[in-house]
Structures are given as structure tokens and as C-alpha cells.
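Mapping of the sequence shown onto our numbering: residues 4 to 83, in sequence order. Quick reminder that beta carbons are idealized off the backbone N, C-alpha and C, glycines included. None of these values were measured; they are calculated from a predicted model. Just below is one structure, and these are the notes that go with it.
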Amino acid sequence: MASSIPRKMLSIFYFLCIAILLSSSSWVQFAKANVCPKASKTWSGPCLNTGGCKDQCIRLESAVFGACHSLTCYCYYNCP
Numbered sequence: 004m005a006s007s008i009p010r011k012m013l014s015i016f017y018f019l020c021i022a023i024l025l026s027s028s029s030w031v032q033f034a035k036a037n038v039c040p041k042a043s044k045t046w047s048g049p050c051l052n053t054g055g056c057k058d059q060c061i062r063l064e065s066a067v068f069g070a071c072h073s074l075t076c077y078c079y080y081n082c083p
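Spelled out as C-alpha cells, the structure:
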């Protein structure tokens, strides 16, 4: 009886790990499928302020959001 408890715990642990991996990978695919990044057409200079990039993308370029990546401001749009 004592040896069956660790086996049950191990089985539950494996099940939870697999469930987490499957759900996280599907969310990543879901997120990638819904937005398309494009370099900002209105941002000038190096992008050091993600909040400013986001505001400018939303306000001036009608994007869903924006973020700095590798010193470039990227605007994210809903994919067609």
C-alpha cells in the first residue's frame, strides 16, 4: 500500500506536466495566429520606451498594440 501512493503521486505529476505543456503551446500558437507585427512607420530613432511605442502605434497607426524589440518599434495588427 505504501508503494502505491508514490506511484499515484507520480502519475498525477506527469499528467499535470503534460496538460500544462499542451495548453501553453496552444496559447502560443493562438497568440501568433491573431496578430502580425510590422515595423512602425511613424517611430524615429532607437526604441527604448515600449510604452511610448505602444501609444504611438495605437494612436497614429491604428494598431492593436506596440512594443520595442531590438531598438525597433513594432506595431501589431490583427492578421487578415
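Query: Alpha-carbon spacing of Y77 relative to P83, whole angstroms; Result: 18 Å
Query: Where A42 sits in the DSSP three-state scheme; Result: strand
Query: Pairwise C-alpha distance: Q59 and T45; Result: 8 Å
Query: Residue range of the unbroken alpha helix (DSSP H) whose run includes G54; Result: 53 to 64
Query: Which of helix, strand or coil DSSP assigns to S28; Result: Since pLDDT at S28 reaches only 48, below the 50 mark, its modelled position is unreliable, and the value read off the structure follows with that caveat. In this structure, S28 counts as helix in the three-state DSSP scheme.
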